[in-house]
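Same order as they appear, the protein sequences are chains A and B. Offset between the first sequence (1-based) and my numbering: plus 134. Offset between the second sequence (1-based) and my numbering: plus 134. We treat Cβ as the ideally placed atom computed from N, Cα and C, and that holds for glycine.
There are 2 protein chains.
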Amino acid sequence: MKTKSEAKRQAILAVAAETFGELGFERASMSEICARVGGSKATLYNHFASKEELFLTVMFQASEHEFEAVHRLLDPDIGDVAGALRDFGRGFLAVLYSPQVTAARRLVIAEAHRSELGRACYALGPGKGDAALAGFLETAMQAGKLRPAEPRIAASHLRGLLEAELLERFLFGVLTDIGAEALGPMVERAVEVFMRAYGPT
Amino acid sequence: MKTKSEAKRQAILAVAAETFGELGFERASMSEICARVGGSKATLYNHFASKEELFLTVMFQASEHEFEAVHRLLDPDIGDVAGALRDFGRGFLAVLYSPQVTAARRLVIAEAHRSELGRACYALGPGKGDAALAGFLETAMQAGKLRPAEPRIAASHLRGLLEAELLERFLFGVLTDIGAEALGPMVERAVEVFMRAYGPT
């Protein structure tokens, strides 16, 4: 059962998503969003302490289902671990490097040292994702499909390899649109290296 | 022979380094730096178009020699490639995750999408570093100490592995001070994975 406050929160999020989409982060103001939602500014700030927080909630809400769908590709019963990691890698990078998510990620990074926002986003985003990936790898290790190793570290290494050709260029704003065609070969290379290092001995 | 303009530039950089160190980036203003250097604001802005540019120049000037020293550890004549990569990895992470360099890197990332600053910094920093690393790996491949592969991609993979346990936590502001003791084992693990994947067959 939704409370009145929760209904208001959802209404704010829907309007904010529309406003950010239309005006971009810089030009969309809390005043503008407030005017479109209706009600007082105090109510708006009661739900979201800042424009950054509101934006990030909108972003997470939009990408959460996509990331969850990607993680479902990591079926622990699957026979072909390398194949599952390739499917996961392609899906994961496609979501992570989508314009919406890169914009949100850049904003978090810029704000991270100033607030508790970074810590919250880490727990909700990469922290959660890495834990799920580590769980899959651990199952594969137990089934003898990967050599025994520390699953959390193996998950970090896989993520590091998957992003190796993209991350630095993204961070410095040098990376422009990457199509799905470019992602495929990068993921192939990363998973090949991972399997050489972590494959069964 | 230094021109008068170059001498002025160096004087500005010395004062700016002191001012940023004393007040931090936010509180150090161009007016304050100008007052300490002496001379007109026009002259200051003639040398550095913005506070960001001035800060980054100071940062690069401070870390450039350290990064160059780290890259000199990659001696192409060395017999033990894994050992050289471990020495390089420890030195590289120690510089890259020093408080000074992380502050500069965070600033570039935050500013990258707004200006040409990101592109310039990429070329001067990671672009240059990755090229040097790729050169070393290529020599090792030619000597049969690593399997044949694309050197630029192998360099990206090595860097991705070296930073795998740190980067995401740094970006989200979750990472606090890492001591040299913590870096050692991380580098061991990364180089072990790299050598399993790229070692001679």
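Taking C-beta atoms as the reference points, A/G278 and A/H205 fail to come closer than 8 Å. Taking a cut-off of 8 Å on C-beta distances, the stretch 317-324 of chain A does not touch the stretch 152-160 of chain B, as fewer than three cross pairs fall below it. A distance below 8 Å separates the beta carbons of B/P210 and B/T273. Residues of chain B with a Cβ closer than 7 Å to the Cβ of A/H291 are, in chain order, L295, A298 and V327. At the C-beta level, A/Q234 and A/S197 come within 8 Å of one another.
Between A/R303 and chain B, the shortest Cβ-Cβ separation is below 8 Å.
Per DSSP, B/E284 is not a residue of any alpha helix (DSSP H), being assigned neither H nor E.
The way I'd put it, the stretch 275-294 of chain B doesn't touch the stretch 172-190 of chain B; fewer than three beta-carbon pairs between them come closer than 8 Å. Using a Cβ-Cβ distance cut-off of 8 Å, the stretch 214-233 of chain A and the stretch 165-173 of chain A are not in contact, since fewer than three pairs of beta carbons, one from each stretch, lie closer than that value. Within the same chain, and ignoring the five residues on either side of B/M275 in sequence, the residues whose Cβ sits closer than 6 Å to its Cβ are P282. No Cβ of chain A is located within less than 8 Å of the beta carbon of B/I312. A/R303: member of the alpha helix (DSSP H) spanning L301 to L305, first to last residue. With contacts defined as CB atoms closer than 8 Å, B/F306 and A/Y256 qualify as a contacting pair. Among the residues facing chain B, A/P260 is included, as its CB has a counterpart in that chain under 8 Å away. In the DSSP assignment, A/L258 falls outside any alpha helix (DSSP H) and carries neither an H nor an E. Under the Cβ criterion of 8 Å, A/G252 is counted among the residues facing chain B. Taking C-alpha positions only, A/A203 is separated from A/F222 by approximately 10 Å. Chain A has a Cβ within less than 8 Å of the Cβ of B/V308. Under the 10 Å beta carbon count, B/R224 is surrounded by 16 or more other beta carbons and is classified as buried. The beta-carbon of A/I167 is placed no less than 8 Å from the nearest beta-carbon of chain B.
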